[in-house]
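Heads up, the thing below is written out as structure tokens.
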Amino acid sequence: MKCPSCGYKDSKVVDSRPTENSSIRRRRECERCQSRFTTYEIIDEVPVIVIKKDSRREIFDRSKVLSGLVKACYKRSVTIEQLEDVVSEIESEIHNSLKKEFLSSEIGVMVMDRLRKLDEVSYVRFASVYREFKDAETFIEELKVLQSEKQDKESQEIV
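To convert a position in the sequence shown, counted from 1, into our numbering, add 40.
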């Protein structure tokens with residue numbers, strides 16, 4: 041950081057603390073003239089883009105994911121805190137990846153994976169909308185897969 045007093049290019053950080061508006065306040069000292077000055081750093085977030093089925097692009101919106109989860113978990117024993125945790129996990133996974141664009145289907149898979157562990161009925165509800173089940177047969181096939189996975193898990197726990 042360039043010193044505002046003498047223009048020297050090197051300074052050291054003396055104190056650092058977060059501010060209320062998600063920036064970082066740093067107190068610096070010039071290594072040449074020892075003058076002190078304050079800088080503020082902000083996080084430069086690049087928005088994550090979601091590519092929809094019809095090829096439209098939208099900025100990722102966690103409230104849309106939460107809304108879908110709330111609808112899937114309607115009248116189930118899943119708390120809003122659990123749903124918030126699921127959304128936070130998904131959001132964290134998205135932001136920690138190096139990708140700047142995600143297909144909506146990729147996000148849907150993330151939601152279904154977590155819902156399957158959280159509540160099976162909510163999972164089937166979400167999957168029926170997400171996968172656009174056309175008839176009862178498709179619905180029954182998904183239930184068979186879910187039942188088979190459950191039996192496999194129970195047999196592994198016995199062994």
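Using N, Cα and C, we set each Cβ at its ideal position, and we do this for glycine too.
Since the model is a prediction, treat every value here as computed from it, not as a measurement.
Give me the Cα-Cα distance between K190 and T79, rounded to the nearest whole angstrom. For the purposes of this step, residue 190 is identified with residue 150 of the sequence shown, where counting begins at 1. For the purposes of this step, residue 79 is identified with residue 39 of the sequence shown, where counting begins at 1. Near 55 Å, if we compare the C-alpha coordinates of T79 and K190.
What residue from V169, R96, E194 has the CA that sits closest to E182's CA? By one-based count along the sequence shown, residue 182 stands at place 142. The option with the nearest alpha carbon to E182 is V169.
Expected contact under 8 Å - CB spacing of L106 and C113 to nearest Å: Numbered from its first residue, the sequence shown carries residue 106 at position 66. Numbered from its first residue, the sequence shown carries residue 113 at position 73. The pair is not a contact, with the Cβ atoms about 10 Å apart (cut-off 8 Å).
My parser needs the alpha helix (DSSP H) runs of 4 or more residues fully inside the segment 49-137; what are they? 102-112, 120-136
Between the CA atoms of E81 and Y163 - distance to the nearest angstrom: Locating residue 163 in the sequence shown gives position 123, counting from the first residue. Locating residue 81 in the sequence shown gives position 41, counting from the first residue. Those two C-alpha atoms are separated by around 42 Å.
Beta-carbon contacts of E69 that lie in its chain and below 7 Å, excluding the five residues immediately before and after: As a working mapping, residue 69 is identified with position 29 in the sequence shown. Around E69: S51, K52, V54, R76.
Who does L143 pair with in a DSSP beta bridge? Within the sequence shown, residue 143 is the residue found at index 103, counting from 1. Answer by DSSP bridge pairing, in chain order: I91.
State the start and end residues of the unbroken alpha helix (DSSP H) segment that holds S168. As a first step, residue 168 must be located in the sequence shown, where it is residue number 128. Unbroken alpha helix (DSSP H) run through S168: 160-170.
What residue range does the alpha helix (DSSP H) around S195 cover? The sequence position of residue 195 within the sequence shown is 155, counting from 1. Residues 176-198.
Alpha carbons only, please: which of K92, V151, E197 is nearest the one belonging to E141? As a working mapping, residue 141 is identified with position 101 in the sequence shown. Residue K92 is the option with its Cα nearest to E141.
Exposed unless 16 or more other CB atoms sit within 10 angstroms - verdict on A167: In the sequence shown, residue 167 corresponds to position 127, counting from 1. The residue is buried, with at least 16 neighbouring Cβ atoms inside 10 Å.
Rounded separation between S56 and S63 - CA only: Translated into positions along the sequence shown, residue 56 becomes position 16. Translated into positions along the sequence shown, residue 63 becomes position 23. So the two alpha carbons sit approximately 11 Å from each other.
Quick one: what does DSSP say K157 is sitting in, helix, strand or coil? Numbered from its first residue, the sequence shown carries residue 157 at position 117. In this structure, K157 counts as helix in the three-state DSSP scheme.
Nearest to L155 by alpha carbon, out of I130, T59, Q74? The residue given as residue 155 occupies position 115 in the sequence shown. The residue with the shortest Cα to Cα distance from L155 is I130.
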